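Residues in the sequence shown are numbered from 1 upward in steps of one, following the working numbering. Cβ coordinates follow ideal geometry from the N, Cα and C atoms, glycine included. Source: prediction; values computed, not measured. For reference, the structure discussed in these notes is given below.
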Amino acid sequence: VVSETLGANAGLGYLIALEGSSFRMANVYAALLLLAFEGVLMYAVFAWIEQHFTKWAFRSQMNVA
């Protein structure tokens, strides 16, 4: 996102920079919400992948208590 803000002509970072320079804050907030949703979704997907492929690591944590 940072590289898109600085040097790209497409993407969410570019959209945030473009709309922010035109003071269209509703569009800036919409893009930020989209980025936040994307971050949460990616975290959930990678957490599931981690638990699915490294069951041995999580199994030992469950039996410690």
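For residue i, the three-state DSSP class (helix, strand or coil)
{"i": "ASN27", "result": "helix"}
{"i": "GLY7", "result": "helix"}
Residue of the options minimising C-alpha distance to residue i
{"i": "ALA30", "options": "GLU50, LEU6, TRP48, LEU15", "result": "LEU15"}
{"i": "PHE37", "options": "ALA8, LEU12, GLY7, LEU6", "result": "LEU12"}
Start-to-end residues for the alpha helix (DSSP H) that takes in residue i
{"i": "SER69", "result": "Within the shown structure, residues of the chain are numbered from 1 to 65, placing residue 69 beyond reach of any answer."}
Check: residue i C-beta below 6 Å from any heavy atom of the ligand ZN
{"i": "GLY39", "result": "Summarising the ligand content, the structure contains no ligands, and the ligand ZN is consequently not present."}
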